[in-house]
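Notes follow once the structure below has been shown.
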Amino acid sequence: AQKITQTQPGMFVQEKEAVTLDCTYDTSDPSYGLFWYKQPSSGEMIFLIYQGSYDQQNATEGRYSLNFQKARKSANLVISASQLGDSAMYFCAMREATLSGYALNFGKGTSLLVTP
Amino acid sequence: EAGVAQSPRYKIIEKRQSVAFWCNPISGHATLYWYQQILGQGPKLLIQFQNNGVVDDSQLPKDRFSAERLKGVDSTLKIQPAKLEDSAVYLCASSLGVAGGAQETQYFGPGTRLLVL
Chain A
1 AQKITQTQPG
11 MFVQEKEAVT
21 LDCTYDTSDP
31 SYGLFWYKQP
41 SSGEMIFLIY
51 QGSYDQQNAT
61 EGRYSLNFQK
71 ARKSANLVIS
81 ASQLGDSAMY
91 FCAMREATLS
101 GYALNFGKGT
111 SLLVTP
Chain B
1001 EAGVAQSPRY
1011 KIIEKRQSVA
1021 FWCNPISGHA
1031 TLYWYQQILG
1041 QGPKLLIQFQ
1051 NNGVVDDSQL
1061 PKDRFSAERL
1071 KGVDSTLKIQ
1081 PAKLEDSAVY
1091 LCASSLGVAG
1101 GAQETQYFGP
1111 GTRLLVL
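From first to last, the protein sequence lines stand for chains A and B. Going by the numbering used here, 111 is the number at position 111 of the first sequence; the sequence numbering is gapless. In the numbering used here, each residue carries its 1-based index in the second sequence increased by 1000.
This is the structure:
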């Protein structure tokens, strides 16, 4: 079963506007971590932001914020004041315990295109 | 602080040939991961090392893939023999691996793009 669901294959946003990338997750473990990564065309996965399952406040890192709704099992990424350099693939991932340690499961990603 | 290093960046081989990828993690990171990312998908974990021991290799196709992490630092991932479906980006990541747990962040290298013809 898919543990991380990103329902938007592609998104467009105009420069300087805000954009929300959706992510829902599935787990029965009370302790887990949610991550967002950016993957530009060069291929490297760049860590953006982290939200812990026990965190009371939504995480923020500069122009990135995470809209964490635990009851709905959603962890949407909000990018404010979009820039042309934000054009990339964005992956939501969840880290949770397994029998052999901890695993990071990724969604299929959302392609974001920022237009002038 | 230097990031995760990988080489080569690109590799083109014919099916049934062998190929090896190299990864050097962030200094001091005890845990190292190899992921396979097929076009249009998110990365999938192949193998995880804690120092030089394997923690999880449940998704590694062991009939053709092998990996080692001698001395608990650098790692190599080998495919022998390669198949067409192995065409993908192979990403190496590392994490501190000391506190562990759900909050541990993984940092990725630039990846190796493999094309099997």
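Positions of the beta carbon are idealized from the N, C-alpha and C atoms, including for glycine.
In this structure, Pro-1081/B places its C-beta atom within 8 Å of the C-beta atom of Arg-1016/B.
The beta carbon of Arg-63/A is closer than 7 Å to those of Ile-79, Ser-80 and Ala-81 in its chain, skipping five residues each way along the sequence. Going by beta carbons, Gly-107/A and Gln-39/A fall outside the 8 Å limit.
Nearest C-alpha to Glu-96/A among Thr-1105/B, Leu-1091/B, Val-1089/B and Trp-1022/B: Thr-1105/B.
Distances from the alpha-carbon of Cys-23/A to those of Tyr-32/A, Thr-110/A, Ala-103/A and Asp-86/A put Thr-110/A closest. Shown here for Ser-1066/B: same chain residues with a beta carbon closer than 7 Å to its own, the five before and five after excluded, namely Lys-1078 in chain order. By the C-beta criterion, the stretch 1082-1098 of chain B is judged to be in contact with the stretch 1026-1033 of chain B, since at least 3 inter-stretch pairs fall below 8 Å. Assignment of Lys-1071/B by DSSP, reduced to helix, strand and coil, places it in the helix class. Annotated as distal: Leu-1046/B and Leu-1032/B, with beta-carbon spacing of 8 Å or more.
For Leu-84/A, the secondary structure class from DSSP, reduced to helix, strand or coil, is helix. Taking 8 Å as the cut-off, the Cβ atoms of Leu-77/A and Val-13/A do not count as close. Against chain A, a Cβ distance below 8 Å from Glu-1104/B picks out Gly-33, Arg-95 and Tyr-102. With contacts defined as CB atoms closer than 8 Å, Tyr-32/A and Met-45/A fail to qualify as a contacting pair. Shown in chain order are the members of the stretch 1053-1075 of chain B whose Cβ falls below 8 Å from a Cβ of chain A: Val-1055, Asp-1056 and Ser-1058. Counting every other CB atom within 10 Å of its CB across the protein chains shown gives Ala-88/A a total of 16 or more, marking it as buried.
The C-alpha of Gln-83/A is placed about 37 Å away from the C-alpha of Phe-1049/B.
Per DSSP, Gln-14/A is one residue of the beta strand (DSSP E) stretching across 10-14. Nearest neighbour of Leu-48/A by Cα position, chosen from Leu-66/A, Ser-28/A and Ile-4/A, turns out to be Leu-66/A.
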